[in-house]
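Chemist: Chains as they are written, first to last, in this note's numbering: chain A, 10 to 287; chain B, 1403 to 1937. I have a structure I would like to understand better, so I am pasting it below and will then ask my questions one at a time.
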């Protein structure tokens, strides 16, 4: 019998892992950090985020270590006697002013460099205007005269009603799916012009690294260039409170190859032509 | 000098204290007014907390189970307004009322009738605000920041909200005037500015911030009012206005407001840590200058709340660098608190536990604040739960915990009775554990891409939202213990001595417990001042 024990144990482990698999597929517990994204800028932003985070961890180890050490070493219950002459020290006060300044400079240089490249919107290859409405987006391809609305997908829209009785876990991409996604080509510098018709909205796809407000009477600009080979579907949503259905205004971007993009544009034009003839 | 003493004694015998309801309606005693402020703050804390629990109940699972999205937005908006203007700010004014005359050696606040007026404005202000829950169109739902054009879409709640904010602002300004006049003119002879306790110092700075920025808020909301009712177009693009201008004006108020909410906390912690380390505060003058620098910097960092509105590169760089500068005086403060504990003799009574939790958790809020200052990274963090986690870390274990620390610390002086240490410690541990379960996972949610102010979310955010909601209920319900401790102390606490804390320095500990009706009828002697001076 003992010989069987290991095999049955491993069977249990396999079973347990199998049971856990759907959990890890949801990836809820594992989603702890910012996405590095799929553009050169988003990766730069991610590494900036990690750099500042590790500075904070290092400072935290020092400061929290100091606090915890003091709390343990200088307990009254352990017979600590206070040194009431320790009132101030110009030397250490200068040190703990100068060192943070140096750390801040070390952080701000790469931050400023990244910021400058974010603001460099020269030589864009494709311009799309996104207009925020309560509560959907309108995308207009200024170069190709294509324009359409992009609203919350019907399945999500039914499930998200108050006490709908539908388990959101059964709805694919619950609240992050639209009827008609924005389509852009990979490896192309795409410029988004952002504005709004009614109230302020904000456009954000985490994998592209940037968000910007869409403001009525105002045109904002952001750009992204999805790396070659990173075709796929990327999801985000409106991130500026815009009223009752602010939470139900997703953004879905379908990144396709340059060739597929040309086909898509041709299809859109043909469809519009057909609609006009009819 | 002896004449003065006699005159004051005569006054003491001549107290015609009004009784019953009149004692409170016509209150001019800084203690009664302070108590009213604190009780009012507690009521608003529970009202705002109930709203927070409605929010967390809805977010417990994906899907909409309990409330309509419009009502959900009202809850987030009202929760913020109640907590900021109803719970935290009145708590500070209440503590200032109670403690400043005691700490500077004055008989009372300088302007007692103004004091009464500034308190009694508040119940009216919050009645107006809470009435909006019952008017057509519901309570304001555009966020506490009231950004137009969205805030202009409000229904009948709109004028009520604006007038409520006007009344709150007037109350704050009057309270601030009283603090400044008291500190500038009522200090006992010998209590120079730099011998004043740090709580008085941080409140003095806070009072100047209040006077500087509350009128700015009043102006901004008045422009909203005229845009809504009188056809002006300050913030309407179609009429030549600009919605972004509102954000600039609002945050010019809003950022100093953030420090209005935290500076008095710095003061309280700077009193409590030395007391329970049995050692004077390290670097007293550096603490004063750091507070003043933080207050100054608060006027030149406002646009870091709005990096995504589209600013010129130079503007983004300026606001990034000025924001990062705040880390320096804040760091000086944290280091000074650590150095105060160094080579001390530390004990862990409830006020100290809350002050230590402040020290640890406020620092975490400071770290996320530093991360948020980095503009490119902020493009990812802005308007996500990362921001929610950040400001709740600085406001709940920051401001709220230090208010609680202050209440536990001074309760024996106010009531003449000791609180129950065991229940106090249970309250502390439940709060400290609950608050971390509540807010720490929100960092993960924000980084994973969950926007703030949404009633329902994509399923990948489900797990940490559930954890956060569990923390919210632990934290929320454990606050009932706080009320229990206070009521129990007032009713049946053991008699407190004049000095319940052996390490306590400051003029308040030179008075009997409870403190007499006119705190310092006779100014403290030079000997007492020398013995108790913070510096």
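Backbone N, C-alpha and C define an ideal beta-carbon position, used for all residues, glycine too. Keep in mind the model is a prediction, meaning the values are calculated, not measured.
1) Who are the Cβ neighbours of residue 1784/B in its own chain at under 7 Å, not counting the five residues just before and after it?
2) Going along chain A, which residues have a C-beta under 9 Å from residue 1753/B?
3) Determine which residues share a DSSP beta bridge with residue 1868/B and list them.
4) If you draw a straight line from the C-alpha of residue 1558/B to the C-alpha of residue 1686/B, how long is it?
5) Does DSSP put residue 141/A in a helix, in a strand, or in coil?
6) With a 10 Å radius around its C-beta and 16 neighbouring C-beta atoms as the bar for buried, classify residue 1918/B as buried or exposed.
7) Can you tell me which of the three DSSP states residue 1756/B falls into?
8) So, residue 265/A versus residue 191/A, is the Cβ gap smaller than 8 Å?
9) Counting pairs of Cβ atoms below 8 Å between the segment 1625-1644 of chain B and the segment 1755-1773 of chain B, do you hit three or more?
10) Please report the residue range of the alpha helix (DSSP H) in which residue 1650/B lies.
11) Of all the CB atoms in chain A, is at least one closer than 8 Å to the CB of residue 1827/B?
12) State the Cα-Cα distance for the pair residue 1751/B and residue 1827/B, rounded to the nearest angstrom.
13) So, with DSSP's three-state summary, where would you put residue 1743/B?
14) For residue 1545/B, I'd like the list of residues in its chain whose CB is within less than 6 Å of its CB, leaving aside the five on either flank, ordered along the chain.
15) Going by DSSP, name the residue or residues bridged to residue 213/A.
16) Within the same chain, show all residues whose beta-carbon is closer than 7 Å to that of residue 1646/B, passing over the 5 residues directly before and after it, in chain order.
17) Which residues in chain B have a C-beta closer than 8 Å to the C-beta of residue 281/A? List them in chain order.
18) Can you tell me whether residue 170/A is buried or exposed, with buried defined as 16 or more other CB within 10 angstroms of its CB?
19) Let's test the definition: count the other Cβ atoms within 10 Å of the Cβ of residue 1438/B and tell me whether it reaches 16, buried, or not, exposed.
20) How big is the Cα-Cα spacing for residue 238/A and residue 195/A?
21) Does the segment 227-247 of chain A come within contact of the segment 199-217 of chain A, defined as at least 3 CB pairs closer than 8 Å?
22) Check the Cβ of residue 183/A against every Cβ in chain B and list those closer than 8 Å, keeping chain order.
23) Chain A beta carbons: is any one of them nearer than 8 Å to that of residue 1551/B?
24) Looking at the C-beta of residue 1746/B, does it have a partner C-beta in chain A at a distance below 8 Å?
25) Mapping the DSSP letters down to three states, classify residue 1909/B as helix, strand or coil.
26) Which residues in the same chain have their Cβ closer than 7 Å to the Cβ of residue 43/A, if we skip the five residues on either side of it in sequence?
27) Can you say whether residue 181/A is buried or exposed, counting buried as having 16 or more other CB atoms within 10 angstroms of its CB?
28) Pairing CB atoms from the segment 1804-1817 of chain B with CB atoms from the segment 1745-1761 of chain B, are three or more of them under 8 Å?
29) Looking only at C-alpha atoms, which of 1744/B, 1430/B and 1700/B sits nearest to residue 90/A?
30) Where does residue 132/A fall in DSSP's three states?
31) When you compare each of 1554/B, 1604/B and 1781/B to residue 1638/B by their alpha carbons, which one comes out closest?
32) Is the distance from the Cβ of residue 1657/B to the Cβ of residue 1704/B below 8 Å?
33) Going along chain A, which residues have a C-beta under 7 Å from residue 1685/B?
34) Any idea if residue 67/A is buried or exposed, counting beta-carbon neighbours within 10 angstroms, 16 or more meaning buried?
35) Please say whether residue 206/A and residue 1938/B have beta carbons closer to each other than 8 Å?
36) What's the C-alpha gap between residue 1781/B and residue 1473/B?
Modeler: Quick answer:
1) Closer than 7 Å at Cβ, skipping near neighbours: 1709 and 1710.
2) Going along chain A, no residue has its Cβ under 9 Å from residue 1753/B, so there is no contact; the nearest lies around 15 Å.
3) According to DSSP, which records beta bridges pairwise, residue 1868/B is partnered with nothing at all.
4) Within the model, the alpha-carbon separation for residue 1558/B versus residue 1686/B is close to 51 Å.
5) DSSP places residue 141/A in strand when its eight states are reduced to three.
6) With a threshold of 16 other beta carbon atoms within 10 Å, residue 1918/B falls short and is exposed.
7) In the structure shown, residue 1756/B sits in a helix (DSSP, three-state: H, G or I).
8) No, the Cβ-Cβ distance between residue 265/A and residue 191/A is not below 8 Å.
9) Under the three-pair Cβ rule at 8 Å, the segment 1625-1644 of chain B does not count as touching the segment 1755-1773 of chain B.
10) For residue 1650/B, the enclosing alpha helix (DSSP H) has its first and last residue at 1645-1679.
11) Look at residue 1827/B: its C-beta is not under 8 Å from any C-beta on chain A.
12) Between the alpha carbons of residue 1751/B and residue 1827/B lies a gap of roughly 8 Å.
13) The DSSP-derived three-state label of residue 1743/B is helix.
14) Leaving aside the five residues that flank residue 1545/B on each side, the residues in its chain whose CB is nearer than 6 Å to its CB run, in chain order, 1479.
15) Answer is 220/A.
16) Non-local C-beta neighbours of residue 1646/B in its own chain, meaning closer than 7 Å and more than five positions away in sequence, comprise 1711, ordered along the chain.
17) Under the 8 Å cutoff, chain B gives no residues; its nearest Cβ is about 30 Å from residue 281/A.
18) Its Cβ having fewer than 16 others within 10 Å, residue 170/A is exposed.
19) Label assigned to residue 1438/B: buried.
20) Here the alpha carbons of residue 195/A and residue 238/A stand approximately 7 Å from one another.
21) At 8 Å Cβ cutoff, the stretches touch.
22) The contacting residues are 1464, 1860 and 1861.
23) Interface residue, yes.
24) Closer than 8 Å: yes.
25) Under the three-state reduction of DSSP, residue 1909/B is assigned to helix.
26) Cβ within range, chain order: 55 and 58.
27) So residue 181/A counts as exposed.
28) Contact between the segment 1804-1817 of chain B and the segment 1745-1761 of chain B is present, because at least three Cβ pairs lie under 8 Å.
29) Taking only the C-alpha atoms, the option nearest residue 90/A is 1744/B.
30) Judged by DSSP in its simplified three-state form, residue 132/A adopts coil rather than helix or strand.
31) Ranked by Cα distance from residue 1638/B, the first of 1554/B, 1604/B and 1781/B is 1554/B.
32) The Cβ-Cβ distance between residue 1657/B and residue 1704/B falls below 8 Å.
33) Here the neighbours are 97 and 102.
34) Flag for residue 67/A reads exposed.
35) As shown, chain B starts at 1403 and ends at 1937. That puts residue 1938/B outside it, with no answer to give.
36) Between the C-alpha atoms of residue 1781/B and residue 1473/B there is a straight-line separation of about 29 Å.
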